[in-house]
Amino acid sequence: MVLAFRNTLLTSRIALPLKCQKASRYAPRGLCRVVRAEAESEAVDVEPIPSDPLEAEINTTPPKQFRNTGPDPEKFKVQEGTLGKIIAASFPLVLRAGSGAVCSGYKVELEKDEGQSSYTFLTAAGNRVKESSEVSAFTRPESPIEIYEFEGCPFCKKVREAVSILDLDVIFYPCPQGGTTWRPMANELGGQKQFPYMVDPNTGVAMYESDAIIQYMFDTYGDGSVPRVLDLGILTTVTAGLGLLPRMGSGSRARASKIPEEPVVLWGYEASPFVKVVREMLCELEIPYLLKTCARGSSKRNDMLDKAGHFQVPYLEDPNTGEAMFESAYIVEYLEKTYAK
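What follows is the structure in C-alpha cells.
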C-alpha cells in the first residue's frame with residue numbers, strides 16, 4: 001500500500017507539464033525553485049488529476065468519531081519520568097522568544113462570563129478571557145500545504161513557526177537522516193538534497209529555502225509582513241539551532257517502522273514542548289501527519305473542544321486504528337507500540 005501510495009504521489013505531480021522558473025521575490029540568491037503547473041493549450045482527453053496529490057490514495061479528513069483510548073487530559077502535569085525531556089524541549093520556546101506560540105494579530109480581552117461554551121483558559125470574578133487573532137481575515141488554503149522536513153533542522157523549525165503563526169494546516173512528511181520513505185521522494189520531486197521543501201497544491205508552487213518559504217506563506221496566506229522574530233537573518237537561524245541542542249538531535253535519525261496507510265492527525269503548535277516530543281517520535285518513525293495548528297488565538301481550539309470535550313495539546317487522532325488520545329507521554333508510547341519495529 002505504501003509503495004502504491006508513493007508511486008501515485010509521484011505520478012500525480014509529474015503528469016502535468018511543468019515549467020521551472022526562478023522566483024525573484026521568494027528566491028534569495030536564486031537558490032530556490034518555484035514550480036508552476038500549467039495546462040496544455042491543446043484539447044486532450046485525460047483523466048482529471050486531483051487538486052490535492054494525496055486525494056487519490058489518502059483521505060486527510062479524519063473520521064467523525066474516534067475512541068479515546070488514552071488517559072484524561074491533565075493540564076500542565078508532567079508524567080513521571082519525563083520531566084527532564086520536557087524541560088529540554090522547552091529551550092526553543094525561551095530562545096525563540098515564544099515564536100509560534102500565538103497566531104498573527106493575537107488579541108486578549110475580557111468578556112462577561114455567561115456560561116459560553118467556547119474555549120477560554122481562565123474565568124474569574126464573573127469574567128472570562130477571550131482570545132482571538134487576525135488569521136480569520138487571511139486567505140485560507142483549500143488543501144493542506146505539504147512540507148518535507150525533519151525535527152532537528154533549524155531551517156525547518158523556522159518554517160514550522162511560520163505555520164503556527166499563520167494557523168495553517170499542513171501535511172508534514174518527516175525526512176530524518178537515514179530515512180527511506182519520504183527523504184528519497186523529496187529528493188526526486190525537488191531535485192535537490194535539501195530541506196525544508198514545500199509543495200503548495202493550491203497554487204502549484206514548490207520551493208526550497210526556509211526564508212523564501214516563509215515569505216511565500218505570509219504573502220499568500222497572511223498580510224505579507226513577516227514577523228520580526230522570523231526576519232532577523234542569521235540570528236533567527238542560530239537561535240533556532242541553539243534551542244534544539246538540549247534534545248541532542250532527537251527526531252533527526254530514522255528508526256525502523258511500519259508506515260501507516262493514512263497520515264495521523266496531530267493537534268498542536270510549534271512552541272509547545274509537549275507537542276515537540278511527539279513530533280520527535282513521528283519524525284524518527286517517518287510517520288506522515290496532518291498538523292491541525294492551534295496556537296493561542298486560533299479558532300481551532302473551539303473545534304477541538306467541540307470534538308473531544310477538552311482543549312489540550314498534543315492531541316492525536318489515528319484514522320488507521322480509530323484511536324484518539326491526549327497526553328504526550330501516552331502518545332509517544334502509543335506510536336512506539338503501534339508503528340516501531
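Using full-length UniProt numbering, the first residue of the sequence shown is number 1, and each one after it goes up by one.
Idealized CB from N, CA, C, for every residue including glycine.
Nothing here was measured: the structure is a model prediction, and the numbers come from that model.
Query	Result
Using only the alpha-carbon positions, how far apart do Pro196 and Ser118 sit?	36 Å
Report yes or no: do the stretch 120 to 140 and the stretch 238 to 248 share at least 3 C-beta pairs separated by less than 8 Å?	no
At which residues does the beta strand (DSSP E) containing Arg301 begin and terminate?	Run containing Arg301: none in the beta strand (DSSP E); it sits in the alpha helix (DSSP H), Lys300 to Ala308.
Using CA atoms only, rank isn't needed, just tell me which of Ile331, Gln215 and Ser252 is closest to Leu266.	Ile331
Have a look at the DSSP bridge pairing and note the partners of Gly268.	Thr293
Less than 8 Å between the beta carbons of Arg253 and Gln177, yes or no?	yes
Reducing DSSP to helix, strand and coil, say where Phe326 ends up.	strand
Could you please give the first and the last residue of the uninterrupted beta strand (DSSP E) stretch that includes Arg128?	Asn127 to Ser132
Could you give the first and the last residue of the continuous alpha helix (DSSP H) run that contains Tyr216?	Ser210 to Tyr221
Closest to Phe121 by CA distance: which of Tyr334, Asn302, Ala340 and Gly322 is it?	Asn302
In the structure shown, what three-state DSSP assignment does Ala124 receive?	strand
Quick one: which unbroken beta strand (DSSP E) runs of 3-plus residues sit fully inside the stretch 70 to 151? Chain order, please.	107 to 112, 127 to 132 and 145 to 149
For Val46, collect the residues of the same chain with a Cβ closer than 6 Å to its Cβ; drop the 5 residues on either side in sequence, then sort them by chain order.	Confidence is the limiting factor: at Val46 the pLDDT is only 30, short of 50, which leaves the residue's position unreliable, though a coordinate-based value still follows. Excluding residues within five positions, none has a Cβ falling inside 6 Å.
Does DSSP classify Ile287 as helix, strand or coil?	coil
Cutting at 6 Å between CB atoms, please list the residues of its own chain near Gln79, excluding the five before and the five after it.	Ala329
Tell me whether the beta-carbon of Leu129 lies closer than 8 Å to the beta-carbon of Val102.	In the sequence as displayed, the identity of residue 129 is Val instead of Leu. In this structure, Val102 does not lie closer than 8 Å to Val129 by Cβ.
Where does Asp45 sit, in a helix, a strand or coil, going by DSSP?	Low local confidence applies: a pLDDT of 34 at Asp45 is under 50, so the model's placement there is unreliable, and no value is given.
Cα separation between residue 342 and Phe172?	Within the shown structure, residues of the chain are numbered from 1 to 341, placing residue 342 beyond reach of any answer.
Just reading off the beta strand (DSSP E) that Leu316 is part of, what are its end residues?	Tyr315 to Asp318
Between Glu284 and the rest of its own chain, which residues show a CB-CB distance below 7 Å, the 5 nearest in sequence each way excluded?	Pro176, Gly251, Arg253, Ala254 and Arg255
Just to confirm my understanding: we take Met325, look at its own chain, exclude 5 residues before and 5 after, and list those with CB closer than 7 Å. What are they?	Asn68, Thr69, Gly70, Leu316, Ile331 and Tyr334
By DSSP's criteria, Phe172 is part of a beta bridge. Which residues make up the other side?	Ile147 and Tyr289
Quick one: give me the first and last residue of the alpha helix (DSSP H) that Ala162 is part of.	Pro154 to Ile165
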